[in-house]
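Inspection log for the structure reproduced underneath, given as structure tokens.
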Amino acid sequence: MKLNEVPTQATEVKTDVKLAEAARGNSTRAVHGGAKRRKAFNALNTPIVQTATYTFGDTQELIDYMERKTWGDGEDREEYGRYGNPTVSAVERKLAALDSGEDAVLYASGMAAVTSLLLSVLPTGAHIIMTDDCYRRTRQFALTFLKRLGIETSVVPMGDYAAMEAAIIPKKTRFLISESPTNPYLRIADLQAIADLGKRHKVLTMIDSTFATPVNQRPLEWGIDFVIHSATKYLSGHNDLLAGVVVGKADRIKALRDARGVLGAIVDPQNAYLLDRGIKTLGVRVEQQNRTALEVARFLESHPAIERVWYPGLESHPDHEIACQQMGGFGGVVTFEVRGDLKSTSEFIDRLKIPYIAPSLGGVESLIEQPALMSYYEKTTEERLALGMKDNLVRFAIGIEDTTDILDDLDQALC
Ligand SMILES: *Cc1c(COP(=O)(O)O)cnc(C)c1O
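First residue of the sequence shown? That's 1458 in our numbering, and the numbers climb one at a time after it.
In structure tokens:
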């Protein structure tokens, strides 16, 4: 239904449920968000509906479906697996509840969410604006794939809202895209400022909120149009699946779901189930990760072997103030520079016993990486410096191990 339609009795009831849900805490939403009390077969858990297609009893049922008459229970039945799946829908409702959105659409990966959103919304000849400290593949998609389709991208410095406004081309700019916190410097976007710019110039806004999770930050509540997450990270939380989500207003998400049926990047029901299961513990996991990360950041900042620490919970971080206003916690990633060069930084990483060396973040296991050797391996030291990545930079994505064990491990490795 369109947002400006007069609500029927049924949707009024639904809205009441949504309002009640919006008043609930993070963990209650993570466990119960969007869930029907009574599920198929009286199962407590959402069943995995492992099917590629759906059947019709007879031709009349098919015709009724095509005429949209058989929407009993306010619930849409499905026609074919690429258009929807009940296990997937259950997770979508939960993600909408978590991010205070009207609806959500789930994809096979975070990048599928980003690319499907942009491909679905942008016309040829459009222009978009993106902040510079941005997920590398998102920027690559805009600067190569979208460019090929005649869509131009302006990249503006993170935190410079005057530059963002100046980059807006009337009638051409369609999207303001940012991330918060960013990778790897954990810069925080001023959500209110971006939402206001979007409204003033009639430009859509999107925030990649992967590093924050809905536990720490809910951009829709600040007036942002679309929130995306790589659900591969904190939402699933166990480093065992890839998924992505877009959350926003009901009519816009419905249009994205229709487009997903064409673009094809729906998540499969097994992964949707695992994601649903992972999300149930999101609140407790993220609270633990917030707590440990703040202690780790403080410990590192006071350690003589560390040159610099970036963590939005530290007063030394350039965006500390805005982080305090917008966020319930500062997240589980800590970025820092070890006093030393490429080799001595690697040696420090190799002395650590708890974190695995791996890209990604947000799971129960701590992961650590030296961006110079992971995302920027093919570049020289000088080229990396030009991109703002020093050889001694380390990104530590904290898991749910005990805080004291992580601190002890860092202490023994920083000799
Ligand atoms: C990982 C990540 C993505 C991409 O998500 P995938 O699930 O790996 O496709 C996008 N944005 C951010 C901030 C990420 O960390």
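Note that the Cβ used here is the ideal one computed from N, Cα and C, for glycine as well.
Here the alpha carbon of S1687 sits roughly 15 Å from the alpha carbon of V1672. If you look at D1521, you'll find it in the alpha helix (DSSP H) that goes T1516 to M1523. Annotation for Y1564: the continuous beta strand (DSSP E) segment containing it runs D1560 to Y1564. By alpha-carbon distance to A1843, the top candidate from Y1833, A1619 and I1723 is Y1833. In terms of Cβ geometry, I1645 and S1637 form a close pair [threshold 7 Å]. Contact check for E1622 and L1654: beta-carbon distance about 6 Å, within the 8 Å limit, so the pair qualifies. A distance below 7 Å separates the beta carbons of L1739 and A1487. Under the three-state reduction of DSSP, G1740 is assigned to helix.
Contact holds between the segment 1661-1681 and the segment 1743-1750, because three or more Cβ pairs, one in each stretch, are under 8 Å apart. Residue pairing of L1850 in beta bridges, as defined by DSSP: E1794. The residues S1823, E1858, D1862, I1863 and D1866, in chain order, have a CB closer than 7 Å to that of I1811 in the same chain once the five nearest residues on each side in sequence are set aside.
For N1696, the CB contacts under 7 Å within the same chain, skipping 5 residues up- and downstream, are S1817, G1820 and E1822 in chain order. Shown here, V1724 sits in coil according to DSSP, grouped into three states, outside any helix or strand. Counted as a single uninterrupted DSSP element, the alpha helix (DSSP H) harbouring S1546 occupies residues P1543 to L1555. The beta carbon of R1495 lies closer than 7 Å to none in the same chain, with the five residues before and after it left out. Distances from the alpha-carbon of L1603 to those of S1573, F1793 and K1628 put S1573 closest.
The C-beta of N1747 has 16 or more other C-beta atoms within 10 Å across all chains shown, which makes the residue buried.
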